[in-house]
Amino acid sequence: MINTLKHLSLLTRMEKSGLKPELTAKFPEDALDQTCERAEKFELQDRLRSGKENMCIQKELVKTPEFAVLYRALCDYGVDDQPVTSMLRSAEDCGEQLIQYPHERVLAAAGADLPSSLRFYYMKYYLPLIKYEEEEQAIIDNLNTFPAAEWDEISTLTDAQRGMMRLPFLGPYLFNWHDNERTALELLEQNRPLQRVLALLYRQGVTLALDAERIKDLGWVQMADVMKFRRLLGVFDFDTEDLDAFFERWLQNHAGQYDLNWFISGVQPLDKEQRQEILCNELSYLNALYSGRLRLDFEAIRRYQFPILTYAVQHGKKHFLDLVSEHSELFLSLGRYALLFEDKFREHSNLNSLTVENLQACDTVERGTSYFDLLEDGQQYTFEEMRLLWRQDKVYVRLYTLLTPLSVDRRLLTLRQLLKYDLISPYIEDQEIEQLAQCLLEKPFSEWYRGAFGHIHGLTRKTAMRLLQRYAQLQAFIPELQSEADVIFALNNETVIAGQKDWTQVRAAVLTMDQDWLDLKQRLSFTDEFVEQHKEPITNFLLHGGSAMAHSLYGYLQGNDKAIEALRRIVQAELIGQFYTLKYFTDDLQREIRYPISEAQETTWKHNLTLERGPFFAEEADDFYRTMRLGELPHSTCLSCWTGSQRECLLAAFDSNKKMILIRKGEDVVGRACVRLTKGAFQRPADFDFSFADLAQEQPTGKMTPADERLVLFLERIYTCSLNDEETRTVMKMAVSLVTQKAAAIGAVAVLARNYLDCYDRDQYISSQFYVYISKSKNGQQYLDSMGGAAVTSHKEQYKGAVFLIEQAAMRTAEPSQQKEAKTDE
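Sequential numbering from 291 applies to the sequence shown in my numbering.
Below, the structure written as structure tokens:
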């Protein structure tokens, strides 16, 4: 009871003192009672009661008794609570307290004409520097113009950079343009002579717009050059209007010494009319200064061609200017997107080394993006290097800069090997590209691929590239890696296997490390005895990523018991090494298509054909892993086992009558089309309802005979990626050729989706109405790329009638009436 009364008494006192009741949950009652006493002593009650957002101040009053005196002084000085709160928070961010500073300094900063969030930093870093009133105003003005987006960087400025805040020109010249101000400040810090020049111009009232790039252009300014700017002011009669115009033209033209010297070296000073005539626009400026130095028709020079010409004049590139003059027609014909006119080209290439062949090789009419700004400042590159880096992805340019210790020839060889197969992902992390560079400094990619990784069976170049990027982390395992599947598993499970000594140890532990497998094993009811009996194939299954794919599909199929059981049987068959026995189980093919298949035909169907044309390689595929990845080849589709909206149909691809054709360009799958062995007819077959006969009804006698139906090899629409129109047509023709060859070997009619129109020899296929049988699927649901998508197996015979492309040979045996309905594609 006594404690309750004491607590109520404290709450009453806190209310009178203006302290918020929420403080009782954060501080002891004795500390709060003492704070009330201090609030009463320094007459803070009214201020505390009237403040709506002063919780931070109240907490400080409780935690730091000495703050009450400072807060009273701030109140008397007329400082609102908002800047006080902001200063308290900034001090806390710096691990400090306001009471650490003299009251006079706190009051001066709190009342400064600055954003509240900057006042503590002004007090901490700048007030001690101020010696004169002019410096104080300059610092305040500069801080006020410092971009809000970079306020958090004010505390990280160096002492020298903070000292520069006393320079009155900093805000007007640097901070009003919101373009890399921090970088511009760092560059200006390194150039004391330029600081002297800018101070001189500011005192004369000259207006300038500077950014990081323009300060880089002015990097040539030395202390001896300050006098040139004094002379320039005199040449312009200290006319700020003309000086403003000159400096804008000059900075646009990259602030070369040539321009400055031209103006100050004239025998007769220019009068105002002459100056205004020269400075009225960019063309008049360039004409006055450069027309006499260029042996070209000045009026024929296009605007985008001027920068490299003026650069050449300014930097004394006489050989280049002679080259341009001698081949003026060629130079003037170069388009705006030519390599020669790319930003940064002239800075990184020795113009005097260019030849007429180089001029011819640098033209293009296509617009593109180059990343020459990533090249090392001050580093010179040959034309061959610049042309190779031209319009490459930024990751290749970044990597090239890391290969600088190598000779030019070694660097070019290394980069060409990578570009040939486009081996580097644009999403590579910084640490990965640095690791890659370390490896490539040791030896070219080809030597890694054929040498250090040569023992890894089936290793693709792109996977080898990923391995190089993680070389330091996986180096211990590489000698024992046997296949690409091993490498991919190591890359995908780097963190998990980090504690293992070697790959032998990884293989021994993989059955207990793979979380997808552990969950899948339990859900599909694989016993420990089963796992022990088939340990080696199960280990290979995990290393090939089988558990991840199967686990993902299982999660999507939950609730569909039939599909789950189908998945269990398929996975089980792969685990015991009997996958093809399951896929081509006895008589399954005939049951699926309800058509007689000879043993020879089935054997021919099982045999996978291949076809090679130029850089493309086509093959039939029916194995477990590529079938599971069907929806990811060559890109993600609705059948993806990871994300596909129709992935419940994926297991139908394991039916006996289904395969796919994969087409590669180099190592990459660029085309995929499904192939189905089925049957079909030119006239719609009578519906066959497999049910009990109705003996009270007359039974139909005119059933279609097997001779009216044909064994059909149907080629679904193709999926492609990373191909131009001509290449797409080539891979489509390859798919048609492979199906035509396969159909002939089986004794079937090749039927194509309409997408393949004209992707065959003249008159080899014709358009015709045709009925294709929708085969039975052990999965129940299947996806038909060219026939409306998802389909469900029915107890009735199902046919899809549409205009397809039919092999011409099949039409010769069709009925005359059917032939009239067919239309030849000319």
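C-beta atoms are modelled at their ideal positions from N, C-alpha and C, and glycine is treated no differently.
So if DSSP puts M950 in a beta bridge, which residue, or which two residues, is it bridged to? Sequence index remark: in the sequence shown, residue 950 carries index 660 (1-based). Paired residue(s): A911 and C964.
Nearest to A1092 (by Cα), restricted to the options N1069, K1068, Y1063 and Q1098: Taking the sequence shown and counting its residues from 1, one reaches residue 1092 at position 802. The shortest Cα separation from A1092 among N1069, K1068, Y1063 and Q1098 belongs to Y1063.
Return the Cβ separation of S445 and Y422 in integer angstroms, given the expectation that the two are a contact with Cβ distance under 8 Å. Residue 445 sits at position 155 when you count from the first residue of the sequence shown. Residue 422 sits at position 132 when you count from the first residue of the sequence shown. 25 Å between Cβ atoms; not a contact.
What are the boundary residues of the beta strand (DSSP E) that includes Q1059? On the sequence shown, position 769 is the one that residue 1059 refers to. Note, Q1059: beta strand (DSSP E), Y1055 to Y1063.
V1021 burial status per 10 Å Cβ neighbour count (16 or more: buried): Against the sequence shown, residue 1021 aligns to sequence position 731. Buried, because 16 or more other Cβ atoms sit within 10 Å of the Cβ of V1021.
Buried or exposed: which applies to K331, given that a residue is buried once 16 or more other Cβ atoms fall within 10 Å of its Cβ? Within the sequence shown, the letter at position 41 stands for residue 331. Result: exposed.
Check whether the Cβ atoms of A1120 and E1097 lie closer than 8 Å to each other. An answer regarding residue 1120 cannot be provided, because it is not within the stretch 291 to 1116 covered by the chain.
Note down the Cα distance separating Y711 from N830, rounded to an integer number of angstroms. Taking the first residue of the sequence shown as 1, we reach residue 711 at position 421. Taking the first residue of the sequence shown as 1, we reach residue 830 at position 540. For the pair Y711 and N830, the Cα-to-Cα distance works out to about 28 Å.
Excluding five sequence neighbours on each side, which residues of the same chain lie with their C-beta closer than 7 Å to the C-beta of L901? Residue 901 sits at position 611 when you count from the first residue of the sequence shown. Its chain contains A908, M1024, S1027 and L1028 as the residues whose beta carbon lies nearer than 7 Å to that of L901, once the 5 sequence neighbours on both sides are disregarded; these appear in chain order.
Per DSSP, which one or two residues make a beta bridge with I1008? Position 718 of the sequence shown holds residue 1008. The partner list for I1008 (beta bridge, DSSP) reads A963.
Taking L569 as the reference, which of L857, Q595 and E538 has the closest Cα? Here residue 569 is taken as the residue at index 279 of the sequence shown, counted from 1. Out of L857, Q595 and E538, E538 has the C-alpha closest to the C-alpha of L569.
Beta strand (DSSP E) containing K310: first to last residue? Position 20 of the sequence shown, counted from the start, is the residue given in the question as residue 310. In the DSSP assignment, K310 falls outside any beta strand (DSSP E) and carries neither an H nor an E.
Give the secondary structure of D958 by DSSP, where H, G and I count as helix, E and B as strand, and everything else as coil. As a first step, residue 958 must be located in the sequence shown, where it is residue number 668. Residue state, collapsed to three classes: strand.
Which residue marks the beginning of the alpha helix (DSSP H) containing T1126, and which one marks its end? Residue 1126 is absent from the model: the chain starts at 291 and stops at 1116.
According to DSSP, is Q1098 part of a helix, a strand, or is it coil? Taking the first residue of the sequence shown as 1, we reach residue 1098 at position 808. Note: Q1098 maps to helix in three-state DSSP.
With burial defined as no fewer than 16 other Cβ atoms inside 10 Å of the residue's Cβ, what is the status of S1107: buried or exposed? As a working mapping, residue 1107 is identified with position 817 in the sequence shown. Here S1107 scores only 38 on pLDDT, less than 50, and its place in the model should not be relied on; the value that follows carries that caveat. By the neighbour-count rule (16 or more Cβ atoms within 10 Å), S1107 is not buried but exposed.
Identity of the residues DSSP links to E902 by a beta bridge: The count along the sequence shown starts at 1 and reaches residue 902 at position 612. F907.
Every unbroken alpha helix (DSSP H) inside the segment 624-668 [4 residues or more]: Qualifying alpha helix (DSSP H) stretches, in chain order: 635-638 and 646-651.
Can you list, in chain order, the residues of its chain whose CB lies under 6 Å from that of D683, leaving out five sequence neighbours each side? The residue given as residue 683 occupies position 393 in the sequence shown. For D683, where only same-chain residues beyond five positions count, the Cβ hits under 6 Å are P716.
Taking a contact to mean a Cβ-Cβ separation below 8 Å, would you say E656 touches Y690 in this structure? Here residue 656 corresponds to residue number 366 of the sequence shown, with the count starting at 1. Here residue 690 corresponds to residue number 400 of the sequence shown, with the count starting at 1. Y690 is positioned such that its CB atom lies no closer than 8 Å to that of E656.
Could you tell me the distance, in whole angstroms, from the CA atom of L725 to the CA atom of Y870? Mapped onto the sequence shown, residue 725 falls at position 435. Mapped onto the sequence shown, residue 870 falls at position 580. The sequence shown places Gln at residue 725, rather than the Leu named in the question. Spanning the two alpha carbons is a distance of roughly 42 Å.
Of the choices S639, R962 and N642, whose alpha-carbon is the least far from that of S926? Translated into positions along the sequence shown, residue 926 becomes position 636. Taking the Cα of S926 as reference, the smallest distance to any Cα among S639, R962 and N642 is reached at R962.
Residues in its own chain within less than 7 Å of R486 by CB, not counting five upstream and five downstream? Position 196 of the sequence shown, counted from the first residue, corresponds to residue 486. Sequence-distant partners of R486 (beyond 5 residues in either direction) whose C-beta falls short of 7 Å from its own C-beta, in its chain, are V516.
Do three or more CB pairs link the segment 752-764 to the segment 718-737 at distances below 8 Å? Verdict: yes, contact present.
DSSP three-state label for H747, please. The residue you call residue 747 lines up with position 457 of the sequence shown. Looking at H747 - three-state DSSP - the assignment turns out to be strand.
Quick one: give me the first and last residue of the alpha helix (DSSP H) that V557 is part of. In the sequence shown, counting from the first residue as 1, residue 557 sits at position 267. Looking at the DSSP string, V557 is not in any alpha helix (DSSP H), and its letter there is neither H nor E.
Can you tell me where the alpha helix (DSSP H) with L865 in it begins and where it stops? Stepping through the sequence shown from its first residue, residue 865 is reached at position 575. Start and end: D851 to L865.
Against chain D, does I505 count as a neighbour if the rule is that its beta carbon must be under 8 Å from one of theirs? Within the model displayed, chain D is absent; a lone protein chain is all it includes.
Between which two residues does the alpha helix (DSSP H) harbouring Q564 extend? As a working mapping, residue 564 is identified with position 274 in the sequence shown. K562 to L569 is the extent of the alpha helix (DSSP H) around Q564.
What is the rounded straight-line gap between the Cα of A971 and the Cα of R813? Locating residue 971 in the sequence shown gives position 681, counting from the first residue. Locating residue 813 in the sequence shown gives position 523, counting from the first residue. Cα to Cα, A971 sits roughly 44 Å from R813.
Is DSSP giving Y367 helix, strand or coil here? Counted from its first residue, the sequence shown places residue 367 at position 77. Coil at Y367, not helix or strand.
If you compare alpha carbons, which of D431, A398, F1060 and R1019 is closest to L417? Your numbering for residue 417 matches position 127 in the sequence shown. Among D431, A398, F1060 and R1019, the Cα nearest to that of L417 belongs to A398.
Using DSSP with H/G/I as helix, E/B as strand and the rest coil, what is Q1072? Against the sequence shown, residue 1072 aligns to sequence position 782. Q1072 falls in the strand class under three-state DSSP.
Whole angstroms are fine: how far does the CA of E774 sit from the CA of Y1009? Residue 1009 sits at position 719 when you count from the first residue of the sequence shown. Residue 774 sits at position 484 when you count from the first residue of the sequence shown. So the two alpha carbons sit approximately 25 Å from each other.
For G1091: DSSP bridge partner residues: In the sequence shown, counting from the first residue as 1, residue 1091 sits at position 801. Residue pairing by DSSP places G1091 opposite Y1061 in a beta bridge.
Complete alpha helix (DSSP H) runs within the segment 318-373 (minimum length 4 residues, chain order): Entirely contained in the segment 318-373, the alpha helix (DSSP H) runs reaching 4 residues are, in chain order, 319-331, 335-340, 345-353 and 357-366.
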